[in-house]
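In this text, residue positions in the first sequence follow the numbering used here: the first is 10, and each later residue adds one. Each residue gets a CB set at the ideal place from its N, CA and C atoms; glycine is no exception. See below for the structure under consideration.
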Amino acid sequence: MPELPEVENARRCLVQAGLPGRTFTGANIGWARTVKKPGLEDFVLGLTGGRVKAAHRRGKYILLPLENPDWPAERTLILHLGMTGGLSVQPKTQAAHPMVRHSFPLDDGRELRFQDGRKFGKLWLVDDPQEVLPALSPDPLEKDFTLEYLVDALAGRNAPIKALLLEQSIAAGMGNLYADEALYLSGINPMRPGSELSADEVARLRASMVDALTAGVALYDQSRIDNWPDPPRALTTWTIPRQKGDACLRCHGPMEVTRIRARSTWFCPRCQV
DNA sequence: AGTACGTCCTGATCGC
DNA sequence: TGCGATCAGGACGTAC
Numbered sequence: 010m011p012e013l014p015e016v017e018n019a020r021r022c023l024v025q026a027g028l029p030g031r032t033f034t035g036a037n038i039g040w041a042r043t044v045k046k047p048g049l050e051d052f053v054l055g056l057t058g059g060r061v062k063a064a065h066r067r068g069k070y071i072l073l074p075l076e077n078p079d080w081p082a083e084r085t086l087i088l089h090l091g092m093t094g095g096l097s098v099q100p101k102t103q104a105a106h107p108m109v110r111h112s113f114p115l116d117d118g119r120e121l122r123f124q125d126g127r128k129f130g131k132l133w134l135v136d137d138p139q140e141v142l143p144a145l146s147p148d149p150l151e152k153d154f155t156l157e158y159l160v161d162a163l164a165g166r167n168a169p170i171k172a173l174l175l176e177q178s179i180a181a182g183m184g185n186l187y188a189d190e191a192l193y194l195s196g197i198n199p200m201r202p203g204s205e206l207s208a209d210e211v212a213r214l215r216a217s218m219v220d221a222l223t224a225g226v227a228l229y230d231q232s233r234i235d236n237w238p239d240p241p242r243a244l245t246t247w248t249i250p251r252q253k254g255d256a257c258l259r260c261h262g263p264m265e266v267t268r269i270r271a272r273s274t275w276f277c278p279r280c281q282v
C-alpha cells in the first residue's frame, strides 16, 4: 500500500522524470468519481495549460502547484494514491499498464499516468490546498513532529493505539503496515488505549515511527523504483513478520493477528505489552 | 467529542 | 477444474 515512504518515492520519481517544468495539455479521466473537486469539466479545463512548478508531499498527498500567466492565481493539483495508486511519466506512444485509469498529456510528448486498480485514488484541483487537505499532523519526518506534540495528540484518547496511529491528524503518512511496524519495534501492544501509554512509551513509539518511515524512504533511495508501481511492486521495508505461522524475531514465539478497525493487525503477544 | 462501522472498488486468493 | 466467497485497506460519511 502506498504509505509515506511509497508516496515520497513516487514524488521523487516525478521530479526525477522531469515533471516540474512541463505543462499539462489536457486530462483524460477514466473514472469520474476519482475527481473530487471541482466538477469533472472544470477540473479538466482548469488544469489544462498549467505548468508544473514543483512536486511536494504532505502526508500521503502529492501536491503539484501549477502556474499559467493567464491565470489570476496559482492552482494546485492534489493527488492521493489510495491503496493501489501509482504514478509514472511515460511517452504517449508507450503502451500503458492496464490499470492506468487517468492520463495527463504533457507538452513534451509524454504524459503523467495514474494507475489505480481499485479506484480508491482521489484528485482535486484547487486554488488553495487548505480547501481540501484534512487536518494533518506535522510530517513525521520533519522536526516539528515532536514528542510533546505526540503526547498531546494522544491525551484523552481511549481508542486502541493502533487505531490512533492510522488517523492522519495524529500521524500523517502512517498506514496499516508502518503502524504495525512501529508498534512492533517499540514493544507496545496495539490494543492499548492511547491515553494509557506512559511518557516513556510514547517516546519509544515516536522514535520507532520515525525509524520505520526513515528506513522505508532510505531503502527506496538505495534502489529507486522507476515508474513505481508500474508494474505494481513495493519494497519490503518493514521487519515485522506478518505471514500466517510466522515467528517473532525476538522471542521466536508465534505472531498473532487480530482486527482493529477492520484492519489486520499483527503483533507479538509476548514482546508487545 | 470520541469512537465504531459501513462504504467504495477489484485483483488475488481461498475453499468446496 | 471451476466458481463463488472472502480478503486486502485509506479515508470519508454516518451513527451512537
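With 16 other CB atoms within 10 Å as the buried threshold, where does Ala-144 fall?
exposed
Could you tell me the boundaries of the alpha helix (DSSP H) in which Glu-17 lies?
13 to 25
Have a look at the DSSP bridge pairing and note the partners of Gln-99.
Glu-120
Using a Cβ-Cβ cut-off of 8 angstroms (strictly less than) and excluding sequence neighbours within five positions of Cys-257, which residues of its own chain qualify?
Pro-250, Pro-263, Met-264, Cys-277, Arg-279, Cys-280
Taking the DSSP output, what are the residues bridged to Leu-88?
Ile-71, Leu-132
Going by the DSSP bridge assignment, what does Ser-112 pair with across the sheet?
Asn-37, Arg-122
Taking the Cβ atom as the reference point for each residue, do Arg-272 and Asn-185 lie within a distance shorter than 7 angstroms?
yes
Quick check on Lys-171: does DSSP put it in helix, strand or coil?
helix
Looking at the secondary structure, which residues open and close the alpha helix (DSSP H) in which Glu-265 lies?
No alpha helix (DSSP H) contains Glu-265, which is instead part of the beta strand (DSSP E) from 265 to 269.
Look at Ala-180 and Ser-146 and say whether their C-beta atoms are less than 7 angstroms apart.
yes
Lys-128 versus Ile-71: straight-line alpha-carbon distance, rounded
17 angstroms
Which one or two residues does DSSP pair with Val-61 in a beta bridge?
Leu-75
Three-state class that DSSP yields for Thr-43 in the structure shown
helix
Please classify Cys-260: is it buried, with 16 or more other beta-carbons within 10 angstroms of its beta-carbon, or exposed?
exposed
Are the Cβ atoms of Gly-203 and Leu-173 separated by less than 7 angstroms?
yes
Would you mind reading off the limits of the alpha helix (DSSP H) that contains Arg-215?
208 to 231
Report the option in Leu-134, Arg-268, Glu-76, Asp-255 whose CA atom is closest to the CA atom of Glu-50.
Leu-134
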